[in-house]
Structure formats: structure tokens, C-alpha cells
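K.L.:
Mapped onto UniProt numbering, the consecutive letters of the sequence shown carry residue numbers 1 to 64. Yeah, the Cβ is synthetic: ideal placement off N, Cα and C, and Gly gets one too. This structure is a prediction, so every number in the text was calculated from the model and none was measured. Quick one: structure below, then a few questions.
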Amino acid sequence: MPVPIAVVSDNGSCFRGETFAQAFAVPDPLLRHVRTRVCSPRTNGVVERFFGILKYEHLYRAMI
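This is the structure:
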């Protein structure tokens with residue numbers, strides 16, 4: 001059985017909502033949601049940098 005992939009996010013209200021939680025509430029999850037600790041700027045910076053790279057790679061470099 002494969003280990004679930006961790007999706008790391010900050011503690012924003014959009015990541016704490018019921019709609020977002022339902023995406024990870026399946027019997028056999030492929031993804032696992034992990035939130036950074038409160039007042040942890042280093043970890044949050046890593047997460048923000050990852051989302052920035054992801055946005056750049058998939059949105060800005062796509063063929064239009």
C-alpha cells in the first residue's frame with residue numbers, strides 16, 4: 001500500500017474550511033493534508049515558495 005503524499009499548506013481560512021477538508025476525507029486517501037505550525041515563518045516560507053514555483057511552471061509557462 002503506498003504512503004499518502006503530504007500536501008502542506010498554511011493555516012489560512014481557505015485551508016481550514018469544510019469544503020477543503022472533504023477533499024481529503026476518503027477511505028483510502030492518496031493525499032494527506034498537513035498544516036504548518038502557527039508562528040513558523042520558515043516552514044510557511046517554504047510552502048509559499050513551492051506554490052510560487054508551481055504557479056510559475058504551470059500557469060505562466062503554458063502555451064497560449
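#1: Can you list, in chain order, the residues of its chain with a C-beta nearer than 6 Å to that of Cys-39? Leave out the 5 residues immediately preceding and following it.
#2: List in chain order: all unbroken beta strand (DSSP E) runs of 3+ residues lying wholly within the UniProt domain "Integrase catalytic" (1 to 64).
#3: Among Gly-12, Arg-49, Val-26 and His-33, whose alpha-carbon lies nearest the alpha-carbon of Ile-5?
#4: Taking only the alpha-carbon atoms, compute the straight-line gap between Pro-29 and Tyr-60 and give it to the nearest angstrom.
P.N.:
Well, looking at it:
#1: none
#2: 5 to 9 and 31 to 35
#3: His-33
#4: 30 Å
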